[in-house]
Structures are given as C-alpha cells and as structure tokens.
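**Q** Sharing a structure below in structure tokens format, with a few things to ask.
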Amino acid sequence: TARRLAGTLRLEPRRSLQAALEALAGNRTSPKFFLRALVVIPKALALSELVLRRGAIHLHAHYGTHSALLAWIVHRTTGAPYSVPVHGHDLTVDRSMLARKLADAAFVIAPSEYHRRLVSEVAGDRVTARTHVVRCGIELERYRPSPASRDAGAKLEILSIGSLEPYKGMRFLVAALALLRDRGVPFRCRVVGAGE
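Residue 138 in my numbering sits at position 135 of the sequence shown, with consecutive numbering throughout.
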C-alpha cells in the first residue's frame, strides 16, 4: 500500500494533496468522519495508483459515507467516474460532505422515491436528475409458498437480516411479533445481525 501511495503522489502530487485536504476539510465538523477520513485517504490514494496505471472504467461505492469518500478521492485524483447507492443512515445520521460526494458522482441509486427526495434535500435538483430508483425486494411471483407451508398448523417463518442499529426500526419487528402472538399466529422469527 505504501508503494502504491507513493506512486500516486509521484504521478499526481497536486491532485492527490488537494483531494486529501478537501476530504479533511469536508469532514472537519464530525469527529467520527474526520478520523475515518484519516484512514480512508491513504487507502484511496493507494487505489488511485492502480486506477492510473491500469485504468478503471467506473468505481461503485456502496453507501454515501466512507466508501463514497474513497471513491470521491480516487475520482478527484484520477478522473475515474463513480456511482453511489444510498440507503438511509447515510442520508439521515451524518451528512458530512455528503452533498459534495453525491454532486460529483456520475449517478446515485436510491431504493425509493422517499430516499430520492432525501437526495434532493441534501444535494439539490441537479443530483436528483441523476438519481435512479432501484427498489430493494424480491419478485413475489418467483417465490410461491410450498403446499406444506399453507397448512393451518404450519408456523410462519420470519427472517430479518441487517444491522440492529436503532435507525433500522427493529422495534417495529418486535411490535409486529407481539401482534402475531396476541392473535394466536404460530411463528418462528430469526434475526441475523449485530449492533445495539
């Protein structure tokens, strides 16, 4: 990594330094994001050397937080375009430098019109025009219940996968399970994830 970082600084010294300074300045109001930027910057500059030497058609950074910062730094250093899917916490919990990362992205992906409106709130109409809604979910017609699961005595199987952070709304799952219990619906719920 140190060799690649040095390579980027040799190939693009001005753009590398400018991107690093802008990343630090853009995250100065959030101690957590500022500290993370200190970790992300050298990784982004090391990756930039690979992009400069081998070329990259496009970078895709999942979430508008730290991975988007990495892609933004690579973009500012190399010119390689990037895209960012946003989901929720990256639009609502800490918006440090988010408007800039979204504004410089080739396009943004949001899971709903609600999230697209949040993008507009953060980054304006110009970015909203490049924001595509791609819904998360499954095609129900492809997943038919087996005949055994339709039996009156069969337990309803519920699986929840995701982080257990408060903003994920796990309290609603618990409330729904209480309703099922109170209505006498047999069920089994499995929760896979970590967090508070």
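C-beta atoms are modelled at their ideal positions from N, C-alpha and C, and glycine is treated no differently.
Using a threshold of 7 Å, is the CB atom of R133 nearer than that to any non-hydrogen atom of the ligand MN?
**A** As presented, the structure is devoid of all ligands, the ligand MN included, so that no description of it is given.
**Q** Between C139 and the rest of its own chain, which residues show a CB-CB distance below 6 Å, the 5 nearest in sequence each way excluded?
**A** For the purposes of this step, residue 139 is taken as the residue at position 136 of the sequence shown. For C139, where only same-chain residues beyond five positions count, the Cβ hits under 6 Å are P114.
**Q** Just how far apart, CA to CA, sit L180 and V195?
**A** Within the sequence shown, residue 180 is the residue found at index 177, counting from 1. Within the sequence shown, residue 195 is the residue found at index 192, counting from 1. If I take the Cα positions, the gap works out to 16 Å.
**Q** What are the complete alpha helix (DSSP H) segments, minimum 4 residues, inside the segment 25–111?
**A** Within the segment 25–111, the complete alpha helix (DSSP H) runs of at least 4 residues are 34–57, 69–81, 92–95, 101–107.
**Q** In whole angstroms, give me the CA-to-CA distance for T131 and R120.
**A** Sequence index remark: in the sequence shown, residue 131 carries index 128 (1-based). Sequence index remark: in the sequence shown, residue 120 carries index 117 (1-based). Answer to the nearest angstrom: the Cα atoms are 8 Å apart.
**Q** CA-CA distance, F110 and V136?
**A** If you number the sequence shown from 1, residue 110 lands on position 107. If you number the sequence shown from 1, residue 136 lands on position 133. The alpha-carbon atoms of F110 and V136 are separated by roughly 11 Å.
**Q** Considering only the beta carbon of each residue, do I76 and A26 sit closer than 8 Å?
**A** Within the sequence shown, numbered from 1, the residue matching residue 76 stands at position 73. Within the sequence shown, numbered from 1, the residue matching residue 26 stands at position 23. In this structure, A26 lies closer than 8 Å to I76 by Cβ.
**Q** Identify the continuous alpha helix (DSSP H) that holds V125 and give its terminal residues.
**A** As a first step, residue 125 must be located in the sequence shown, where it is residue number 122. Per DSSP, V125 belongs to the alpha helix (DSSP H) from 116–126.
**Q** Here's a check: name, in chain order, each residue in its chain whose Cβ is nearer than 8 Å to the Cβ of A106, leaving out the five neighbours to either side.
**A** Numbered from 1 along the sequence shown, position 103 holds the residue referred to as residue 106. Cβ neighbours of A106 within its own chain (closer than 8 Å, five residues either side excluded): A126, G127, R129, V130.
**Q** With a threshold of 6 Å on Cβ separation, who are the neighbours of R79 within its own chain once the five nearest residues in sequence on each side are excluded?
**A** Taking the sequence shown and counting its residues from 1, one reaches residue 79 at position 76. Contacts found: A22.
**Q** Given that a residue counts as buried once 16 or more other Cβ atoms are within 10 Å of its Cβ, and exposed if not, what is R13?
**A** As a position in the sequence shown, residue 13 is number 10, starting the count at 1. Its Cβ having fewer than 16 others within 10 Å, R13 is exposed.
**Q** Can you tell me whether A179 is helix, strand or coil according to DSSP?
**A** Translated into positions along the sequence shown, residue 179 becomes position 176. Residue state, collapsed to three classes: helix.
**Q** Buried or exposed: D93, going by 16 or more other Cβ atoms within 10 Å of its Cβ?
**A** On the sequence shown, position 90 is the one that residue 93 refers to. Buried.
**Q** Contact defined as beta carbons within less than 8 Å: I believe E199 pairs with L167. What is the distance between those atoms, to the nearest angstrom?
**A** As a working mapping, residue 199 is identified with position 196 in the sequence shown. As a working mapping, residue 167 is identified with position 164 in the sequence shown. Sure, about 6 Å apart at Cβ, within 8 Å.
**Q** What separation, rounded to the nearest whole angstrom, lies between the Cα atoms of L101 and L62?
**A** Against the sequence shown, residue 101 aligns to sequence position 98. Against the sequence shown, residue 62 aligns to sequence position 59. Their backbone Cα atoms lie some 17 Å apart in a straight line.
**Q** Can you tell me whether V130 is helix, strand or coil according to DSSP?
**A** Taking the first residue of the sequence shown as position 1, residue 130 is located at position 127. Residue state, collapsed to three classes: helix.
**Q** Which of helix, strand or coil does DSSP assign to L14?
**A** Here the question's residue 14 lines up with position 11 in the sequence shown. Helix at L14.
**Q** Return the residue from the list A178, K104, G10 that minimises the CA-CA distance to P45.
**A** Your numbering for residue 45 matches position 42 in the sequence shown. Per the Cα distances, G10.
**Q** For S166, which of helix, strand or coil comes out of DSSP?
**A** Sequence index remark: in the sequence shown, residue 166 carries index 163 (1-based). In this structure, S166 counts as coil in the three-state DSSP scheme.
**Q** Name, in chain order, the residues that DSSP records as bridge partners for V195.
**A** As a position in the sequence shown, residue 195 is number 192, starting the count at 1. V195 pairs with I164.
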